[in-house]
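**Q** The structure under discussion is supplied below as structure tokens; questions concerning it will follow.
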Amino acid sequence: MEYTILDDGRTIPVSADAVTTPEPGRLLIEAEALEASLGWELKPEGLCRGDVCVPVRDRAALVEGARIDLGAFAEVLGRPVVIDSQERVAALGTAASSQAASMASLDAPDFELPDLAGRLHTLSEHRGKKALLIAYASW
Amino acid sequence: MPVWQALYEELGSEGFVPITIALDRAEDARPFIEASKATHPSLIDEAHRTAELYHIVNVPTIIWIDESGRICRPHDSQYATDTFTAFHKKLSGPYLDMIRDWVRTGAGAMSAEEIRAHQPIPDEASQLARVERAVAWHLLQDGRAEAAEPHFERAVELAPKDWTIARGSMPLRGGNPFGPEFFALAEKGKFDYALEALTPTHAPEDPEASPGSG
Numbered sequence: 001m002e003y004t005i006l007d008d009g010r011t012i013p014v015s016a017d018a019v020t021t022p023e024p025g026r027l028l029i030e031a032e033a034l035e036a037s038l039g040w041e042l043k044p045e046g047l048c049r050g051d052v053c054v055p056v057r058d059r060a061a062l063v064e065g066a067r068i069d070l071g072a073f074a075e076v077l078g079r080p081v082v083i084d085s086q087e088r089v090a091a092l093g094t095a096a097s098s099q100a101a102s103m104a105s106l107d108a109p110d111f112e113l114p115d116l117a118g119r120l121h122t123l124s125e126h127r128g129k130k131a132l133l134i135a136y137a138s139w
Numbered sequence: 001m002p003v004w005q006a007l008y009e010e011l012g013s014e015g016f017v018p019i020t021i022a023l024d025r026a027e028d029a030r031p032f033i034e035a036s037k038a039t040h041p042s043l044i045d046e047a048h049r050t051a052e053l054y055h056i057v058n059v060p061t062i063i064w065i066d067e068s069g070r071i072c073r074p075h076d077s078q079y080a081t082d083t084f085t086a087f088h089k090k091l092s093g094p095y096l097d098m099i100r101d102w103v104r105t106g107a108g109a110m111s112a113e114e115i116r117a118h119q120p121i122p123d124e125a126s127q128l129a130r131v132e133r134a135v136a137w138h139l140l141q142d143g144r145a146e147a148a149e150p151h152f153e154r155a156v157e158l159a160p161k162d163w164t165i166a167r168g169s170m171p172l173r174g175g176n177p178f179g180p181e182f183f184a185l186a187e188k189g190k191f192d193y194a195l196e197a198l199t200p201t202h203a204p205e206d207p208e209a210s211p212g213s214g
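Chains as they are written, first to last, in our numbering: chain A, 1 to 139; chain B, 1 to 214.
So, in structure tokens, the structure goes:
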């Protein structure tokens, strides 16, 4: 049974061969699979994605052979993480500081959501109009 | 919902679009959407993606976005009808008039400083709560309700005042968001209006008075 990583609204399947769980709450993932699924690569200068590199202070905590500790990975990036090794699912969230910076920018983040018929809509398709976002619920 | 649809019919030709987002399962939102005969974008956000992106902590939450895609009035707890006015003391009429003014004249948009001062602030606990909620929702959708439960529980512990999590997960966990479990939390003071202190619009209770702003 494969593993699932939830990252920034995406649901990413990861082959069970690429993952080990040495103890509950800990998940090691092959560096190649991590790069393929999350886009981050371990280089001498740190964890890199595109032109961005984040320095790694404690490489021993992050790397075990050819595998990367997902909890340590999240810590390097300052992102909240939840690992449920028993259920084979892990999820990465947005750091409070990144979220605060995004909100302070006042740029309305784009999203894609379905209507009842399953048709997908984005916010950006309404550029040029005054849009009201109205979040509501039955509860 | 019918009010937003009516406002769309009134102002749609003037470059206005209401985007209603149900932080709900589709089956729970369906009656609301069908009753309003929505032709405006009426969307379903089961995974709470917009709650994550915009740090929405309560419903209703209304955010104004201008023609260039910038937020010009932040998280506001306002109502389209007066059904619950006895509870929240807000009249819908003055607020709807503010929207009409905004569409026609641009009035009501706030300065960047004012907006930032009224935005709810995410912290580490609230961000981790959203991740726990995402895991819980993933497991629930996959038919693993029992495995989802501890994640829901931790999400609520981490962000007890976030209604999208604490109250919004009640129907998903077999609870009743209008039942004793809600009122028990309310009594403990855990369910105060998370947004109330920040809400930028204080529409007057007297319908004869002019709409407030800022």
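Ideal Cβ positions, reconstructed from N, Cα and C, are used throughout, including at glycine.
How many whole angstroms separate the CB atoms of residue 109(B) and residue 136(B), which I take to be in contact at a CB cut-off of 8 Å?
**A** In fact, because the Cβ distance is near 37 Å, the residues do not count as touching under 8 Å.
**Q** Can you tell me which of 82(A), 44(A), 49(A) puts its alpha carbon nearest to the alpha carbon of residue 56(A)?
**A** The residue with the shortest Cα to Cα distance from residue 56(A) is 44(A).
**Q** So that I know if they touch, is there some Cβ in chain B lying closer than 9 Å to that of residue 136(A)?
**A** Taking Cβ atoms only, chain B reaches closer than 9 Å to residue 136(A), which makes this a yes.
**Q** Does DSSP put residue 8(B) in a helix, a strand or coil?
**A** Helix at residue 8(B).
**Q** Given a cut-off of 9 Å, decide if residue 109(A) and residue 158(B) are closer than it, judged by their beta-carbon atoms.
**A** No.
**Q** List the endpoints of the continuous alpha helix (DSSP H) containing residue 136(B).
**A** Per DSSP, residue 136(B) belongs to the alpha helix (DSSP H) from 124-141.
**Q** With H, G and I counted as helix, E and B as strand and the rest as coil, what does DSSP make of residue 13(A)?
**A** Three-state DSSP puts residue 13(A) in a strand.
**Q** In the DSSP output, what is residue 81(A) paired with across the bridge?
**A** Per DSSP, 92(A).
**Q** By Cβ distance below 7 Å, which residues in the same chain neighbour residue 18(A) in space, the five residues on each side in sequence not counted?
**A** Hits under 7 Å: 29, 30, 33.
**Q** To which residues of the same chain is residue 193(B) closer than 6 Å at the C-beta, ignoring the five residues directly before and after it?
**A** Unreliable positioning characterises residue 193(B) in this predicted model, as indicated by a pLDDT of 49, which lies under 50. A coordinate reading is not provided.
**Q** Keeping to the same chain, check which residues put their C-beta closer than 6 Å to that of residue 45(B); ignore five residues upstream and five downstream.
**A** Taken in chain order, the residues that qualify are 21, 23.
**Q** Please look up how many angstroms separate the CB atoms of residue 153(A) and residue 114(A), rounded, as I've assumed it's under 8 Å.
**A** Residue numbering for chain A in the displayed model covers 1 to 139; residue 153(A) lies beyond these limits and cannot be assessed.
**Q** Step through the CB atoms of chain A and report whether any lies within less than 9 Å of the CB of residue 92(B).
**A** No, because no Cβ of chain A sits closer than 9 Å to the Cβ of residue 92(B).
**Q** Less than 9 Å between CB atoms is the rule here; does residue 19(A) satisfy it with respect to chain B?
**A** Taking Cβ atoms only, chain B never reaches closer than 9 Å to residue 19(A), which makes this a no.
**Q** Out of 201(B), 184(B), 97(B), which one is the CA nearest neighbour of residue 117(B)?
**A** When each option's Cα is compared against that of residue 117(B), the closest is 201(B).
**Q** Identify each residue in the segment 119-132 of chain A for which the Cβ-Cβ distance to at least one residue of chain B is less than 8 Å, and report them in chain order.
**A** Of all residues in the segment 119-132 of chain A, 121, 123, 124, 126, 127, 128, 129, 130, 131, 132 have a Cβ within less than 8 Å of some Cβ in chain B.
**Q** Does residue 52(B) come within less than 9 Å of chain A when only Cβ atoms are used?
**A** Cβ-Cβ to chain A under 9 Å: yes for residue 52(B).
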